[in-house]
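Keeping their order, the protein sequence lines are chains A and B.
Following our numbering, the numbering of the first sequence begins with 320 at its first residue and continues without gaps.
Following our numbering, the numbering of the second sequence begins with 320 at its first residue and continues without gaps.
Idealized CB from N, CA, C, for every residue including glycine.
Note that the structure is predicted; figures quoted are calculated from it, not measured.
To start, the structure under review is shown below, and the notes come after it.
There are 2 protein chains.
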Amino acid sequence: MASTRGPEAPRDPVSRDRAVRVAVDLADAGGLESLSMRRLAQALGVEAMSLYYHVKNKDDIIDGMVDLVFDEIALPSTDTPWRTAMEDRAHSARAAWARHPWAISLMRSTPGAATLRHLDAVIACLRGAGFSMTLTAHAMSLLDSYVDGFALQEASLPLSEAGDVNTATESFLAQQHMMSGAFPHLAEMAQTHILQPGYAYGDEFAFGLGLILDGIEAAHRGASG
Amino acid sequence: MASTRGPEAPRDPVSRDRAVRVAVDLADAGGLESLSMRRLAQALGVEAMSLYYHVKNKDDIIDGMVDLVFDEIALPSTDTPWRTAMEDRAHSARAAWARHPWAISLMRSTPGAATLRHLDAVIACLRGAGFSMTLTAHAMSLLDSYVDGFALQEASLPLSEAGDVNTATESFLAQQHMMSGAFPHLAEMAQTHILQPGYAYGDEFAFGLGLILDGIEAAHRGASG
DNA sequence: TTTCGTACCTTACACCGTTAGGTACGGCGG
DNA sequence: CCGCCGTACCTAACGGTGTAAGGTACGAAA
């Protein structure tokens, strides 16, 4: 009986970090709208108002959640060419956003330590490869916009399972039977391309990423030799 | 006294379209969190529960709001080269998202008529220019991810006014004085680049868009002649 | 004249984030 | 040993949210 709370509940104490971690689990399991202070407290074995001892308010928790997702993104490695480092980072980021689809629409929150660390490492990588400041800013804006935008599209797909997307799209099309009349090109693309077996929207990511990195590489070569 | 409601309140009747339009105005003015059924009803001169006669629920309103923003995006013109059409469309989309920053994180909603019409027109434009189905899907995923991602980044900036971004960033950096120690590259970029007079994040958009269109054009030429 | 559909209304409920103000308890100085 | 104090939790309550249930005034139609 090490606990002072009696023999029946040897729960460990709440902390901001633990609250944020459990909040991420809740959002992963049931979406962001299933995260309330009361439910989070219950998951921690505590009453709602007790959270405010460890946390400023709900936005504070959400800031922490986003920063925790950022912490899952691999930093660009320092001992590989910049292009490999950026490619790996992009895939790692996409995977992180896909694991936590609720997070992508919360980027408005004030950046935390992991977020800043990540940005800093990316700048260091590109500057270390000889990028000018201007080109570094261009490349970061372009890459991050693409990765985040792709994650946003992916999060808005009907379902996350690759196979279920097809059936969901199909039922959507069937539901809107008039579609082939009102939106013939969209219907054609759905039927002849997206609904084909083996198609997965996630595969589109590599094409755009390669194209963007090609363009950045060309701009870099053109500028620096 | 044409109204049957007495002489003092000649308000016109509520409809789904009018409710959605007023909801967009409310969100534009005070952000998405300032939109509640009660406040929307009040703006329409009606009680909250009366809205449910015209609208299924709040999500129904939000779906309509997003579709209304999509309706503001210019369709790709049919009598210009595909590249010009895509460029104009991208700038129009960015401007629409910038006018309604709350909308970009709501794309998860089920697509409405304007959204589908837009998608259909983009497919028609590219297919008409000789793009294969595969390349059309690639190009759309890439362009939309970039445009939406850029809008998402832009919406998460501290303030929308170009001049205020700098002062906000500056105060942010000053507040985190340790930053130049913990995140030296980020601090350097902020001081030597972003905080320089004349820098506006929105200007980054054109660089990435041009680079992406160059790449798509090269892929198209390589595939079709 | 009765009936009906339209467009609005009031009431009520469960839940939300958060303010205000306790309370049990381990460790500390005296 | 006693009293104090900070830590970590608690209950009660307030104004706000979306919305289910059901009522009401009224023009038009039967």
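Item: Taking Cβ-Cβ distances below 8 Å as the criterion, which residues of the region 443–464 of chain A are in contact with chain B?; Value: Ala443, Arg446, Met452, Thr453, Thr455, Ala456, His457, Ser460, Leu461, Asp463, Ser464
Item: My assumption, with CB atoms under 8 Å, is that A/Ser464 sits in contact with B/Gly468. Please give the rounded CB distance.; Value: 4 Å
Item: Please confirm whether B/His512 and A/Met452 have their CB atoms less than 8 Å apart.; Value: yes
Item: What residue range does the alpha helix (DSSP H) around B/Phe389 cover?; Value: 377–391
Item: Quick check on B/Arg586 - is its C-beta less than 8 Å from some C-beta in chain A?; Value: Nothing can be reported for residue 586 of chain B: it is not among the residues displayed for chain B, which extend from 320 to 544.
Item: Pair every Cβ in the region 381–399 of chain B with every Cβ in the region 359–370 of chain B, then say whether three or more of these pairs are closer than 8 Å.; Value: no
Item: Going by other Cβ atoms of all chains shown within 10 Å of its Cβ, with 16 needed for buried, is A/Thr403 buried or exposed?; Value: exposed
Item: Just to confirm the assignment, what range does the alpha helix (DSSP H) spanning B/Val341 have?; Value: 335–349
Item: Considering just the uninterrupted stretch of the alpha helix (DSSP H) at A/Gln472, what are its terminal residues?; Value: 452–474
Item: What runs of the alpha helix (DSSP H), each 4 residues or longer, lie entirely inside the region 405–456 of chain A?; Value: 432–447
Item: For a test of the three-state rule: what should DSSP assign to B/Pro503, helix, strand or coil?; Value: helix
Item: Output the distance between the C-alpha atoms of B/Gly383 and A/Leu351, rounded to the nearest integer angstrom.; Value: 22 Å
Item: If distances are taken between C-alpha atoms only, which option among B/Asp386, B/Glu473, B/Asp398, B/Ala448 comes closest to B/His437?; Value: B/Asp386
Item: What residues from the region 347–365 of chain A come within 8 Å of chain B, judged by C-beta to C-beta, listed N to C?; Value: none
Item: So which residues on chain B does A/Glu523 lean against when the C-beta distance must stay under 8 Å?; Value: Ala456, His457, Ser460, Leu461
Item: At a Cβ threshold of 8 Å, is B/Met508 touching chain A?; Value: yes
Item: Using CA atoms only, rank isn't needed, just tell me which of A/Val466, A/Ala509, A/Ala470 is closest to A/Gly529.; Value: A/Val466
Item: I'd like to know if A/Asp378 contacts chain B, where contact means its C-beta is closer than 8 Å to some C-beta of that chain.; Value: no
Item: Going along chain A, which residues have a C-beta under 8 Å from B/Gly431?; Value: Neighbours of B/Gly431 on chain A: none; closest Cβ ~11 Å, over 8 Å.
Item: Under a CB-based cut-off of 8 Å, is A/Asp533 close to chain B?; Value: yes
Item: Under the assumption that B/Val333 contacts B/Ser369 (Cβ atoms under 8 Å), give the Cβ distance between them as a whole number of angstroms.; Value: 7 Å
Item: Using a 10 Å radius around the Cβ and a threshold of 16 neighbouring Cβ atoms, would you call A/Asp439 buried or exposed?; Value: buried
Item: For B/Ser355, report the span of its alpha helix (DSSP H) as first-last.; Value: No alpha helix (DSSP H) contains B/Ser355, which DSSP labels as neither H nor E.
Item: Roughly how many angstroms lie between the CA atoms of A/Asp398 and A/Val441, to the nearest whole one?; Value: 13 Å
Item: Does any residue of chain A have a CB that is nearer than 8 Å to the CB of B/Phe469?; Value: yes
Item: Please report whether the beta-carbon of A/Arg436 lies at a distance below 8 Å from any beta-carbon of chain B.; Value: yes
Item: Buried or exposed: B/Asp331, going by 16 or more other Cβ atoms within 10 Å of its Cβ?; Value: exposed
Item: My assumption, with CB atoms under 8 Å, is that B/Leu300 sits in contact with A/Leu435. Please give the rounded CB distance.; Value: Residue numbering for chain B in the displayed model covers 320 to 544; residue 300 of chain B lies beyond these limits and cannot be assessed.
Item: Would you say B/Met426 and A/Leu471 are within 8 Å of each other, going by their C-beta atoms?; Value: yes
Item: If you draw a straight line from the alpha carbon of B/Arg340 to that of B/Asp347, how long is it in whole angstroms?; Value: 11 Å
Item: Using beta carbons (cut-off 8 Å, strictly below), is A/Trp416 in contact with chain B?; Value: no
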